[in-house]
Amino acid sequence: MRRLLPVTDQTSAPSSPDPADREWSLDELADAYAYPELAPGAHWLRANMVSTLDGAAQHDGRSQPISGETDMRIFGTLRALADVVVVGAETVRQEGYRPARAREAFAARRAAAGQGPAPAIAVVTASLDLDFTLPLFTSPLVPTLVVTGAAAPADRVAAATAAGAEVVVAGEGAGADPARAVRELAARGLRRQLTEGGPRLLGQFVAADALDELCLTISPTLTAGGAQRIAGGPSVAVPHRLAPAAVLEEAGFLFTSYRRI
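Written out as structure tokens, the structure is:
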């Protein structure tokens, strides 16, 4: 792993041997991806996505085929730093989501930050068309949250509650309002937020101008086809500009971080 940006003692001249071109420890990754210091009551929503060189966020409906070993280590690190992982219902179904697990390597860091052993999973859904017998709902370390609207189907809300999920109302219609969802989660003390998509949910956060940071892995692969981009849905009136915060490289993969200006 090499740090390309920002320039530090872990960044070497292109013509010289790079002492940082090695596998980074989990502590080093956690330091590199630490959340910014948050003022009282503030929150921070970051997204973690992967894209091929030709813009595909998935292959055959899943992100795993375009990912890699280091990308998965960063994926785990980002989860370990978060209070809550926010994900769309379709991604839960497609990717076979399970509860976040406690990891000994991050236990002391989480305790020092006042966090529990693992982040909560928050599923954003209008229909609540979810299998509440899955481990995500039956055996999480912390209760899974279901984020929806006030007009969501009452029978499905009851099923979610009966399964042990905490229902978070974040909209007046059937579905959740993205910006309100962020605020509702923060009001529950879940201020360090991570969304893993999918593209439709990320597009909603972008359209609502609710995203503070994008951690984007650029996979050195080409897939062609009609796969989704990392964000979908209606376009914004004015493109949102972010500033590069960090670029890491390993085995041809670029691990980038862009933050709100």
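With numbering that gives the first Met the number 0, letter number 168 in the sequence shown gets 167, and the count goes up by one each step, no holes.
Where is the CB? At the ideal position from N, CA and C, for every residue including glycine.
Here the structure is a predicted model, which means the values were calculated and not measured.
Note the first and the last residue of the continuous beta strand (DSSP E) segment covering residue i.
| i | result |
| --- | --- |
| Ala-202 | The question names Ala, but residue 202 in the sequence shown is Gly. Here Gly-202 belongs to no beta strand (DSSP E); instead the alpha helix (DSSP H) covers 198-206. |
| Asp-186 | In the sequence as displayed, the identity of residue 186 is Ala instead of Asp. Counting along the chain, Ala-186 falls outside any beta strand (DSSP E), though it belongs to the alpha helix (DSSP H) covering 177-186. |
| Ala-121 | 119-123 |
| Leu-189 | It is not in any beta strand (DSSP E) - Leu-189 carries neither H nor E in the DSSP assignment. |
| Thr-51 | 43-51 |
Can you give the beta carbon distance from residue i to residue j, rounded, assuming they're within the 8 Å contact cut?
| i | j | result |
| --- | --- | --- |
| Gln-46 | Leu-210 | The identity of residue 46 in the sequence shown is Ala, whereas the question assumes Gln. Yes, Ala-46 and Leu-210 are in contact; Cβ-Cβ is about 6 Å, under 8 Å. |
| Tyr-257 | Leu-213 | 5 Å |
| Leu-52 | Leu-221 | 6 Å |
| Ser-218 | Ser-66 | 7 Å |
| Leu-37 | Tyr-96 | With 8 Å as the limit, Leu-37 and Tyr-96 do not qualify as a contact, their Cβ atoms being about 26 Å apart. |
DSSP state of residue i, grouped into three classes?
| i | result |
| --- | --- |
| Pro-13 | Low confidence applies here, because Pro-13 scores a pLDDT of 46, under 50, leaving its location unreliable and the question unanswered by this model. |
| Gly-172 | coil |
| Arg-258 | strand |
| Pro-243 | strand |
| Thr-220 | coil |
| Val-135 | The sequence given here has Leu at residue 135, not Val. Helix. |
| Thr-160 | helix |
| Ala-100 | Looking at the sequence provided, one finds Arg at residue 100 rather than Ala. If DSSP states are grouped into helix, strand and coil, Arg-100 belongs with coil. |
| Leu-144 | strand |
| Arg-108 | helix |
| Arg-61 | strand |
| Glu-195 | coil |
| Leu-28 | helix |
| Arg-155 | helix |
| Gly-232 | coil |
| Val-6 | coil |
| Glu-271 | Residue 271 lies beyond the range of the chain shown here (0 to 260); nothing can be said about it. |
| Leu-127 | coil |
| Val-253 | Note that residue 253 is Leu in the sequence shown, not Val. In this structure, Leu-253 counts as strand in the three-state DSSP scheme. |
| Leu-210 | coil |
| Val-237 | coil |
| Arg-1 | strand |
Under DSSP, the alpha helix (DSSP H) around residue i begins and ends at which residues?
| i | result |
| --- | --- |
| Gln-93 | 88-94 |
| Ala-33 | Where Ala-33 is concerned, there is no enclosing alpha helix (DSSP H), given that its DSSP letter is neither H nor E. |
| Ile-73 | 68-80 |
Taking the alpha carbon of residue i as the point to measure from, which residue in the options has its own alpha carbon closest?
| i | options | result |
| --- | --- | --- |
| Pro-39 | Ala-207, Val-167, Leu-241, Gly-188 | Gly-188 |
| Ala-99 | Pro-139, Phe-204, Tyr-32 | Pro-139 |
| Gln-57 | Gly-224, Phe-136, Phe-252, Leu-133 | Gly-224 |
| Arg-21 | Val-168, Leu-247, Gly-148, Gly-54 | Leu-247 |
| Phe-131 | Leu-241, Glu-165, Ala-178, Val-205 | Glu-165 |
| Val-181 | Phe-204, Ala-31, Gly-163, Thr-137 | Phe-204 |
| Pro-142 | Ala-151, Ala-150, Val-167 | Val-167 |
| Glu-183 | Gly-163, Gly-148, Asp-208 | Gly-148 |
| Ala-244 | Pro-238, Phe-254, Ala-250 | Phe-254 |
| Phe-252 | Glu-68, Glu-103, Gln-93 | Glu-68 |
| Trp-43 | Arg-240, Ala-236, Ala-178 | Ala-178 |
| Arg-92 | Ala-185, Leu-3, Ala-206, Leu-133 | Leu-133 |
| Ala-162 | Leu-144, Arg-72, Ala-150 | Leu-144 |
Within 8 Å, do at least three Cβ pairs link the region 24-32 to the region 179-197? The region 24-32 and the region 179-197 do not touch, with fewer than three beta-carbon pairs separated by less than 8 Å.
Any contact between the region 121-141 and the region 170-177? By contact I mean 3 or more CB pairs, one from each, below 8 Å. Yes: at least three Cβ pairs fall under 8 Å.
Answer yes if the region 224-234 comes into contact with the region 84-98, meaning at least three C-beta pairs across the two stretches below 8 Å, and no otherwise. Segments in contact, no.
Touching or not, the region 102-120 and the region 152-163, by the rule of three or more beta carbon pairs under 8 Å? Taking one beta carbon from each stretch, the region 102-120 and the region 152-163 have fewer than 3 pairs nearer than 8 Å; the two do not touch.
Touch check for the region 70-86 and the region 102-109: three-plus C-beta pairs under 8 Å? Remark: three or more beta-carbon pairs, one from each stretch, lie closer than 8 Å, so the region 70-86 and the region 102-109 are flagged as touching.
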